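Each residue of the sequence shown is one higher than the one before, counting from 1 in our numbering. Where a beta carbon is used, it is the ideal one built from N, C-alpha and C, also for glycine. Model, not experiment: these values are computed from the prediction. Just below is one structure, and these are the notes that go with it.
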Amino acid sequence: DAVKRQAVGIWKCNGCRKVIAGGAWTVSTTAAATVRSTVRRLREITEA
């Protein structure tokens with residue numbers, strides 16, 4: 001649990017010092033999950 005919220009939608013990892021854009025209350029959002037699954041599906045189609 002090294003990722004802490006800095007401000008609304010801004011998350012910072014204390015372990016690696018990376019700053020991540022995310023949701024207001026959680027790091028990941030449902031929209032981001034949809035995008036990840038769509039990109040994964042399209043990659044699988046192009047690789048096959």
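Rounded separation between glycine 23 and glycine 9 - CA only: Approximately 5 Å, taken between the alpha carbons.
Which residue comes first and which comes last in the beta strand (DSSP E) that contains valine 39? Counting along the chain, no beta strand (DSSP E) covers valine 39; the unbroken alpha helix (DSSP H) around it starts and ends at 30-47.
Span of the beta strand (DSSP E), counted from its first residue to its last, around arginine 5: Residue range 3-7 is occupied by the beta strand (DSSP E) that includes arginine 5.
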